[in-house]
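Reminder that position 96 of the sequence shown reads as 95 in numbering that gives the first Met the number 0, one-by-one numbering, no gaps.
Some notes on the structure that comes next.
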Amino acid sequence: MSELKLTNEKMHTFDGHEKIGTFKASAKLMEFGSRQNEANEILGANINDLIKRVCALEDKQIQTTENMRMIAEELGAFKKELDRVRLSEKLNSSTVERLSNALRLAEENSNPEE
Numbered sequence: 000m001s002e003l004k005l006t007n008e009k010m011h012t013f014d015g016h017e018k019i020g021t022f023k024a025s026a027k028l029m030e031f032g033s034r035q036n037e038a039n040e041i042l043g044a045n046i047n048d049l050i051k052r053v054c055a056l057e058d059k060q061i062q063t064t065e066n067m068r069m070i071a072e073e074l075g076a077f078k079k080e081l082d083r084v085r086l087s088e089k090l091n092s093s094t095v096e097r098l099s100n101a102l103r104l105a106e107e108n109s110n111p112e113e
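Pasting the structure below:
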């Protein structure tokens, strides 16, 4: 953030409502212009700092969005793999059960005397 901090005192560029004589008018106008220039400089510096901060936040948001997209893709791939493993496990369990039943039936058929 800028070293130039906004304060009410720094932003106060006009300090009098007294009548100004013709000879003092140019001096008062110069004083007012000088104060206004200082106030504008402070405002400009603070606005530039705010713009930098907003840009940094936007960059961070873009990076976060990209990270979230990558995580979502990886999560989708993980879910597909998990579903594949579950299906394989279910198919393997069914296959083992069928083979076990087939072996039992084969044993029963090969030993008819029991």
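The beta carbon of each residue, even a glycine, is placed where N, CA and C say it ideally should be.
For clarity, every value in this text was computed on a predicted model and none was experimentally measured.
Residue j beta carbon less than 7 Å from that of residue i
{"i": "Ala38", "j": "Met67", "result": "no"}
{"i": "Thr12", "j": "Arg34", "result": "yes"}
Distance, residue j Cα to residue i Cα
{"i": "Leu28", "j": "Glu57", "result": "42 Å"}
{"i": "Gly75", "j": "Arg85", "result": "15 Å"}
{"i": "Asn100", "j": "Glu73", "result": "40 Å"}
{"i": "Arg52", "j": "Thr64", "result": "18 Å"}
{"i": "Ser25", "j": "Asn36", "result": "16 Å"}
{"i": "Ile70", "j": "Arg103", "result": "48 Å"}
{"i": "Ile50", "j": "Asp14", "result": "31 Å"}
{"i": "Arg97", "j": "Ala105", "result": "12 Å"}
{"i": "Ile46", "j": "Ala55", "result": "14 Å"}
{"i": "Arg83", "j": "Leu90", "result": "10 Å"}
Residue i Cβ short of 6 Å to the ligand FAD heavy atom set
{"i": "Phe31", "result": "The ligand FAD is not among the ligands present in this structure, which contains no ligands whatsoever."}
Q: Jot down the residue ranges of each uninterrupted beta strand (DSSP E) in the segment 6-53, minimum 3 residues, whole runs only, in chain order.
A: The segment 6-53 is shown to contain no whole beta strand (DSSP E) run of 3 or more residues.
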